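Chemist:
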Amino acid sequence: MDNLENMTYEQVYTRLEEVLKLLEDKSTGLDQSLELYEEGISLYRKCVSLLDEAEMKVKKFNELGLEEEL
């Protein structure tokens, strides 16, 4: 896994999907499942963090009056 700090939201989300597929695979052993679970939690937290950052930026733009009129 790449360093989470340098990954984009899309990269993190794609890896999270891969981890979930591996966890659903019945041939994945217990030790590997535990490692994948831990990685999945880290990836999930990173996704949430990136989404929170994006939301804060949008709110800031809106507060500055930079939103487009619909």
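Going by the numbering used here, the sequence shown opens with residue 16, and the numbers climb by one from there. Glycine included, every Cβ here is placed at the ideal spot set by N, Cα and C. All of these numbers come straight from a predicted model, not from anything done at the bench.
(1) Over what stretch of residues does the alpha helix (DSSP H) that includes Asn77 continue unbroken?
(2) Along the chain, where does the alpha helix (DSSP H) that runs through Glu32 open and close?
(3) So, does the region 53-61 touch the region 21-35, judging by three or more C-beta pairs under 8 angstroms?
(4) Assuming the contact rule is C-beta atoms closer than 8 angstroms, Val27 and Lys72 should be a hit. Round their C-beta distance to whole Å, please.
(5) Taking Cβ positions, are Leu38 and Leu49 nearer each other than 8 angstroms?
Modeler: Taking the geometry as given:
(1) 45-78
(2) 24-39
(3) yes
(4) No, Val27 and Lys72 are not in contact; Cβ-Cβ is about 17 angstroms, not under 8 angstroms.
(5) no
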